[in-house]
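In this note's numbering, the protein residues as written are 1 to 135.
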């Protein structure tokens, strides 16, 4: 699961490339080789773009919206509205919790590209979950 603390939804790959600074291809150190942008399943440790901490690691992750659904998360008397977005990412399909009051989700739709800084959580506890089919 992903729990983003920064998130942007892009209408298309051109808008995503512009955000990443790739409006035009960038030549790599006069080699004749060019980078045309980052893939829509790009993933890297968050610390590569700045300062990171071993105690609180995070990830920069990009994916395409496969599906989404509205949910209400309740903690005692407090509740908030959110989306659970299933993103097609380099990690596979990643459920992502996105608070409606936290992020601009006005353009959410299947097929849009999401770029985010997020904490990624996984539970690999043996025997806790049913064995997936075909394994």
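Ideal Cβ placement from N, Cα and C applies to all residues, glycine included.
- Here the stretch 79-88 makes no contact with the stretch 29-36; the two share fewer than three CB pairs at distances below 8 Å.
- Taking C-beta atoms as the reference points, residue 7 and residue 103 count as a pair closer than 7 Å.
- Per DSSP, reduced to three states, the secondary structure at residue 122 is coil, with no helix or strand assignment.
- Each of 60, 70, 92 and 41 was checked against the Cα of residue 112, and the nearest Cα belongs to 41.
- As for any beta strand (DSSP E) of minimum length 3 sitting wholly inside the stretch 36-87, the runs are 43-45 and 59-75, ordered along the chain.
- It is roughly 47 Å from the alpha-carbon of residue 23 to the alpha-carbon of residue 77.
- When 119, 100, 9 and 39 are compared, the shortest CA-CA separation from residue 65 is found for 9.
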